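For reference, the structure discussed in these notes is given below.
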Amino acid sequence: MNLPSPIEQLHSDLFSQHNVEVYVKRDDLIDPVISGNKWRKLKFNIEKFKAGRYDKLLTFGGAYSNHISATARAGKELGVKTIGIVRGDELKADANDTLRQASADGMELIFTKREEYALRDEKYYHEELRRRHGNIWIVPEGGSNYYGVLGCQEILKEVDIPFTHVITACGTGTTATGLLLSSSSEVIGVSALKGGDFLTENIKNHLMTLSLPESHISDVMGRFVLQTGYHFGGYAKYNKELLEFIETFEDQYKIPLDQVYTGKMMYALLDLIEQNYFPENSKIIALHTGGLQGKKGLKK
Ligand SMILES: *Cc1c(COP(=O)(O)O)cnc(C)c1O
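Numbering (this note's numbering), first residue to last: 579 to 878.
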């Protein structure tokens with residue numbers, strides 16, 4: 579694992595005109611498959627797994643899930659047996675590149691009816707899964723638990739330049755929670771989904787599991803700014819404008835972006851700069867959360 583991940587400054591006329599500095603924290607370079615925030619969220623879950631002498635690590639995801647992909651590869655590299663509960667009982671292990679890789683990495687894939695998948699956060703369902711699979715450590719979809727938040731608190735600790743804002747793509751808000759808890763700056767979350775208002779609630783729930791006093795919770799939430807206008811139609815949806823933006827960005831900066839998360843985040847960042855969202859002299863960290871394994875599907 580390539581850690582600490584590199585950080586690099588981007589240069590453009592847009593940034594100098596608006597008198598802001600932009601740095602990209604390249605968590606996409608942590609590993610080609612176990613990339614970005616998925617490694618951050620797995621790290622302490624795997625430590626927990628090992629310390630607790632569990633037999634298998636079980637988790638959940640959709641057919642193209644970066645989290646399924648990363649968990650399978652991390653399991654292979656770190657000697658952890660993994661089970662992936664995958665949404666959709668019509669699927670097979672050779673349905674796409676993500677599932678093929680996960681299966682080849684040794685993950686046991688269980689294709690599950692949508693009604694059953696909907697129970698993935700229910701305690702009684704976890705009991706049922708324990709009856710079926712034995713001594714398992716259960717990681718929620720997207721790695722969205724306390725240990726996931728803990729891992730995401732390491733990202734900004736690796737940054738030794740001063741900054742005023744951090745911007746990240748959001749799916750569950752777990753990464754944003756870790757960023758908020760490990761800095762005192764504004765954290766901008768760009769929702770990759772339509773109707774991303776639940777993200778604020780998710781972050782608050784994470785904070786509540788930490789038993790923070792109400793005043794700390796309102797301080798932290800006061801630094802979170804949710805951007806819901808950059809989902810491009812919804813989760814995993816995209817249009818020509820987004821794809822062209824990604825292509826232009828990649829040509830200019832030689833940094834690859836995916837169309838599900840980081841493309842939308844970077845689009846939002848440049849748009850916000852153009853709209854004078856950031857005060858002069860802002861120093862902005864854009865977190866590259868990885869996710870490039872999902873790009874393979876797009877190229878085809
Ligand atoms: C999963 C993922 C996210 C979403 O992270 P959350 O912690 O769930 O908000 C963002 N970017 C990429 C590339 C991802 O794979």
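The C-beta atom is built at its ideal place from N, Cα and C for all residues, glycine as well. All figures in this text were calculated on a predicted structure; none of them were measured in a lab.
Annotation for residue 776: no beta strand (DSSP E) segment contains it, though the alpha helix (DSSP H) segment containing it runs 776-787.
Taken through DSSP and simplified to helix, strand or coil, residue 708 comes out as helix. Residue 738 and residue 673 have their C-alpha atoms roughly 43 angstroms apart. With fewer than 16 other beta carbons inside 10 angstroms of its own, residue 776 counts as exposed.
Measuring C-alpha to C-alpha distances from residue 656 to each of 687, 669, 621, 779 identifies 621 as the nearest. Bounds of any alpha helix (DSSP H) do not take in residue 642, whose DSSP letter is neither H nor E. In terms of Cβ geometry, residue 632 and residue 713 form a close pair [threshold 8 angstroms]. Going by DSSP, residue 726 is part of the alpha helix (DSSP H) stretching over 724-730. Look at residue 618 here: in three-state DSSP terms it is helix. Taking C-beta separations shorter than 6 angstroms and ignoring five residues to either side along the sequence, the partners of residue 599 in its chain run 861, following chain order.
Between the region 778-787 and the region 746-754, the count of C-beta pairs closer than 8 angstroms reaches three or more; the two stretches touch. In the three-state reduction of the DSSP assignment, residue 630 falls in the coil class, being assigned neither a helical nor a strand state. Residue 681: member of the alpha helix (DSSP H) spanning 675-682, first to last residue. DSSP places residue 734 outside any alpha helix (DSSP H), giving it a letter other than H or E. Distance check between residue 693 and each of 703, 685, 684, 686 places 703 closest, using alpha-carbon atoms only. Under the DSSP assignment, residue 588 falls in the beta strand (DSSP E) whose first and last residues are 585-588. Nearest in C-alpha terms to residue 813, of all of 699, 836, 824, 607, is 836.
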